[in-house]
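The block underneath contains the structure these notes are about, expressed in structure tokens.
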Amino acid sequence: PTRRVILFGTIPTTIPDTTPMITPPTTDTPIITPTIPPSPDHTPASPDYSPVSEAESDPYEDPTSGHILPLPATSPFLSSDDDTTDSDTP
Numbered sequence: 001p002t003r004r005v006i007l008f009g010t011i012p013t014t015i016p017d018t019t020p021m022i023t024p025p026t027t028d029t030p031i032i033t034p035t036i037p038p039s040p041d042h043t044p045a046s047p048d049y050s051p052v053s054e055a056e057s058d059p060y061e062d063p064t065s066g067h068i069l070p071l072p073a074t075s076p077f078l079s080s081d082d083d084t085t086d087s088d089t090p
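Heads up: the sequence shown at position 80 corresponds to 80 in the UniProt record's numbering, and the numbers run straight through without jumps.
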């Protein structure tokens with residue numbers, strides 16, 4: 001069964017004025033000056049950066065030549081030595 005409520009009289013209510021205050025845009029652009037003084041020496045941006053010392057060596061670098069060794073001419077992933085591959089594969 002549907003329940004009904006019958007009200008007799010008035011219910012006192014107060015509806016507050018909720019008109020929002022919109023501030024007009026300003027045309028003045030504030031100028032913010034930097035507060036960080038310039039550093040006399042270079043500091044790295046990354047906190048975990050540490051320069052490589054001369055004692056450390058790269059396993060891919062030949063210490064006698066002074067430069068990184070060239071990569072092999074062919075990649076083992078692109079090798080076509082296997083005759084069982086599809087014919088359209090180079």
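C-beta atoms are modelled at their ideal positions from N, C-alpha and C, and glycine is treated no differently.
To the nearest angstrom, report how far apart residue i and residue j are at their CA atoms.
i: Pro24; j: Thr14; result: 30 angstroms
i: Thr29; j: Thr19; result: 28 angstroms
i: Thr10; j: Pro1; result: 27 angstroms
i: Ile36; j: Thr26; result: 28 angstroms
i: Arg4; j: Ile22; result: 44 angstroms
i: Pro12; j: Ile31; result: 53 angstroms
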